[in-house]
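Q: Residue numbers (my numbering), protein chains in the order written: chain V, -7 to 108; chain P, 2 to 115.
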Amino acid sequence: AQKVTQAQTEISVVEKEDVTLDCVYETRDTTYYLFWYKQPPSGELVFLIRRNSFDEQNEISGRYSWNFQKSTSSFNFTITASQVVDSAVYFCALIPVSSNTGKLIFGQGTTLQVKP
Amino acid sequence: EAQVTQNPRYLITVTGKKLTVTCSQNMNHEYMSWYRQDPGLGLRQIYYSMNVEVTDKGDVPEGYKVSRKEKRNFPLILESPSPNQTSLYFCASSWNPTLPGELFFGEGSRLTVL
């Protein structure tokens, strides 16, 4: 099966807390790409990061960081010192290269609410 | 500005009344795709197109048609909409689906079928 699971449906934190959004994926491919997208209340989908399966280095971009662990098939996303503007739905997604359809396999999304 | 443009952004219609959601991209992308987003289900692919005149079904194609007569446009057609097609629809495009990069999404079209 090719699938992405975001087990956390909703998370609520208070501003300045750190928060981690979990993403677990399944694929039979050895070459694949993982993505995170943000969907703010306005509804558009904002690309955050792409990671290929051969690059397990963690990445940090400002307050955002991503932890990719092939051993546990996880690609978790951490927001440090959360802000109200981080409130959104966050989607993790997978493209197995063998699919040849360009289809992103999305998780169900995690709704993050950051309270002031 | 590089963008994917969808129209209409919001639409309320009635069962059986044919409608078309247009999608246009200005990035000369080969690949275009349609997704629908429903609560608890994430986003699911409806149709995709590798290039002009090449289209194929995604995971949930029933009740939809598409065409790709020009590289920049990829309209989604609902011949006879039904209430279960009430959803948020996204068009997306990218350079080359076999070398996955960023998929650029439109702003979404919220459709309600009564």
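Each residue gets a CB set at the ideal place from its N, CA and C atoms; glycine is no exception.
Hey, quick one: how far does the beta strand (DSSP E) through Q7 of chain P stretch, first residue to last?
A: Within the second sequence, the letter at position 6 stands for residue 7 of chain P. Its beta strand (DSSP E) spans residues 5 to 8.
Q: So what's P32 of chain V in DSSP terms, helix, strand or just coil?
A: For the purposes of this step, residue 32 of chain V is taken as residue 40 along the first sequence, with counting starting at 1. In the structure shown, P32 of chain V sits in coil (DSSP, three-state: anything other than H, G, I, E or B).
Q: For T16 of chain P, which three-state DSSP category applies?
A: Within the second sequence, residue 16 of chain P is the residue found at index 15, counting from 1. It is coil, neither helix nor strand.
Q: According to the neighbour-count rule (16 or more other Cβ atoms, all chains shown, within 10 Å of its Cβ), is Q31 of chain V buried or exposed?
A: Locating residue 31 of chain V in the first sequence gives position 39, where the first residue counts as 1. Q31 of chain V comes out buried.
Q: Determine the closest residue to W35 of chain P out of P:P62, P:S83, P:P9, with distance taken between C-alpha atoms.
A: Here residue 35 of chain P refers to the residue found at position 34 when the second sequence is read from its first residue. Of the candidates P:P62, P:S83, P:P9, the one whose C-alpha sits nearest the C-alpha of W35 of chain P is P:P62.
Q: Residues in the segment 59 to 91 of chain P with C-beta within 8 Å of chain V's C-beta atoms, listed in sequence order?
A: For the segment 59 to 91 of chain P, which is checked against every Cβ of chain V, the residues closer than 8 Å are G59, D60, L89, F91.
Q: Under a CB-based cut-off of 8 Å, is E103 of chain P close to chain V?
A: Start at 1 with the first residue of the second sequence, and residue 103 of chain P comes out as number 102. At least one chain V Cβ lies under 8 Å of E103 of chain P.
Q: Does the contact criterion of 3 or more C-beta pairs under 8 Å hold for the segment 21 to 32 of chain P versus the segment 12 to 32 of chain V?
A: Contact between the segment 21 to 32 of chain P and the segment 12 to 32 of chain V is absent, because fewer than three Cβ pairs lie under 8 Å.
Q: Helix, strand or coil for S79 of chain V per DSSP?
A: For the purposes of this step, residue 79 of chain V is taken as residue 87 along the first sequence, with counting starting at 1. Reduced to three states, the DSSP call for S79 of chain V is coil.
Q: Following the continuous beta strand (DSSP E) through E18 of chain V, name the residue where it begins and the one where it ends.
A: As a working mapping, residue 18 of chain V is identified with position 26 in the first sequence. Run containing E18 of chain V: 16 to 18, per the beta strand (DSSP E) assignment.
Q: Using 8 Å for Cβ pairs, my map puts T72 of chain V next to S45 of chain V. What's the rounded Cβ distance?
A: Here residue 72 of chain V corresponds to residue number 80 of the first sequence, with the count starting at 1. Here residue 45 of chain V corresponds to residue number 53 of the first sequence, with the count starting at 1. Not quite, the Cβ-Cβ distance comes to about 26 Å (not below 8 Å), so this is no contact.
Q: Residues of chain V with CB closer than 7 Å to the CB of G109 of chain P, please, in chain order.
A: Sequence index remark: in the second sequence, residue 109 of chain P carries index 108 (1-based). The answer, in chain order, is G35, E36.
Q: For Q100 of chain V, go through chain P and note every residue whose CB falls closer than 7 Å to its CB, in chain order.
A: On the first sequence, position 108 is the one that residue 100 of chain V refers to. Simply G41, L42, G43.
Q: So, is Q86 of chain P buried or exposed, given that buried needs 16 or more other C-beta atoms within 10 angstroms?
A: Numbered from its first residue, the second sequence carries residue 86 of chain P at position 85. Q86 of chain P should be labelled buried.
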